[in-house]
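Trainee:
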Amino acid sequence: MGDKIKRLARHRLVRWIAVGFAFAGLSLGLLKVMGGVLAWPYVVATFCSGVICTVFRFLVVDRWVFGHPRPTWKRLWQYNFANAAGFCVWWSAANVLKSIGVNYLLASMLAMFFSIGFSLHSNFFWIWRKPAAAVNSE
């Protein structure tokens, strides 16, 4: 059973999901410290938490999930663009679903699936896609 878990942990998708969960927790922790303990305005705390987590999540995904020895400005820019686009996907889907009568909380949760799907696709097939030569040689 141990070998099976080790093989699964080496799988990129599993690592990508694990990083997402870990940084969701870190984001909430930072928000608690900044907004709750330090009493920063919520708008400032959420912005700072989001920026910090986005940069560090990029670094972890770049190295641990996709195995790049060094990050590049190009991938960082692409990752930030993909995150912004993922937010737009979530926001649009949540509002469309609510406008057709779906409960606002359920609409937000369902929209998360669209956003995660978009992020998964942009991360694996755009930012960190394998070059055509590497794909053909496998």
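In this text, residue positions in the sequence shown follow this note's numbering: the first is 813, and each later residue adds one.
Positions of the beta carbon are idealized from the N, C-alpha and C atoms, including for glycine.
Bear in mind that the values here come from a model prediction, so they are computed numbers and not experimental data.
By how many angstroms is the C-alpha of arginine 822 removed from the C-alpha of cysteine 860?
Mentor: Here residue 860 corresponds to residue number 48 of the sequence shown, with the count starting at 1. Here residue 822 corresponds to residue number 10 of the sequence shown, with the count starting at 1. C-alpha separation (whole angstroms): 31 Å.
Trainee: Would DSSP call histidine 880 helix, strand or coil?
Mentor: The residue you call residue 880 lines up with position 68 of the sequence shown. Coil, per DSSP.
Trainee: Indicate whether the contact test is met: 3 or more Cβ pairs, each with one atom in the region 833 to 848 and one in the region 864 to 873, closer than 8 Å.
Mentor: Cβ pair count under 8 Å is three or more, so yes.
Trainee: For glycine 862, which of helix, strand or coil comes out of DSSP?
Mentor: Within the sequence shown, residue 862 is the residue found at index 50, counting from 1. Reduced to three states, the DSSP call for glycine 862 is helix.
Trainee: Does the Cβ of histidine 911 have 16 or more other Cβ atoms within 10 Å, making it buried, or fewer, making it exposed?
Mentor: Here residue 911 refers to the residue found at position 99 when the sequence shown is read from its first residue. First, the residue type needs correcting, since residue 911 is serine and not histidine in the sequence shown. Counting Cβ neighbours within 10 Å, serine 911 comes out exposed, since fewer than 16 surround it.
Trainee: With distance defined between alpha-carbon atoms, name the residue in Leu840, Phe878, Gly862 and Ser839 nearest to phenylalanine 937.
Mentor: Counting from 1 along the sequence shown, the entry for residue 937 is found at position 125. Residue Phe878 is the option with its Cα nearest to phenylalanine 937.
Trainee: I need the DSSP call for valine 914, collapsed to helix, strand or coil.
Mentor: To locate residue 914, count along the sequence shown from 1; it is residue 102. Correct three-state label for valine 914: coil.
Trainee: Could you have a look at alanine 851 and say whether DSSP puts it in helix, strand or coil?
Mentor: As a first step, residue 851 is located in the sequence shown; it is residue number 39 there, counting from the start. Coil, per DSSP.
Trainee: Considering only the alpha carbon of each residue, which of Leu917, Met846 and Leu932 lies closest to asparagine 953?
Mentor: Outside the modelled stretch of the chain, which goes from 813 to 950, sits residue 953, for which no answer is possible.
Trainee: The alpha helix (DSSP H) with valine 845 in it runs from where to where?
Mentor: Taking the sequence shown and counting its residues from 1, one reaches residue 845 at position 33. Segment: none, valine 845 is in no alpha helix (DSSP H) and carries neither H nor E.
Trainee: Specify the secondary structure class of tryptophan 940 as computed by DSSP and reduced to three states.
Mentor: Numbered from its first residue, the sequence shown carries residue 940 at position 128. In this structure, tryptophan 940 counts as coil in the three-state DSSP scheme.
Trainee: Within 10 angstroms of the Cβ of asparagine 915, are there 16 or more other Cβ atoms? Answer buried if so, exposed if not.
Mentor: What you label residue 915 is simply residue 103 of the sequence shown in a count that begins at 1. Exposed.
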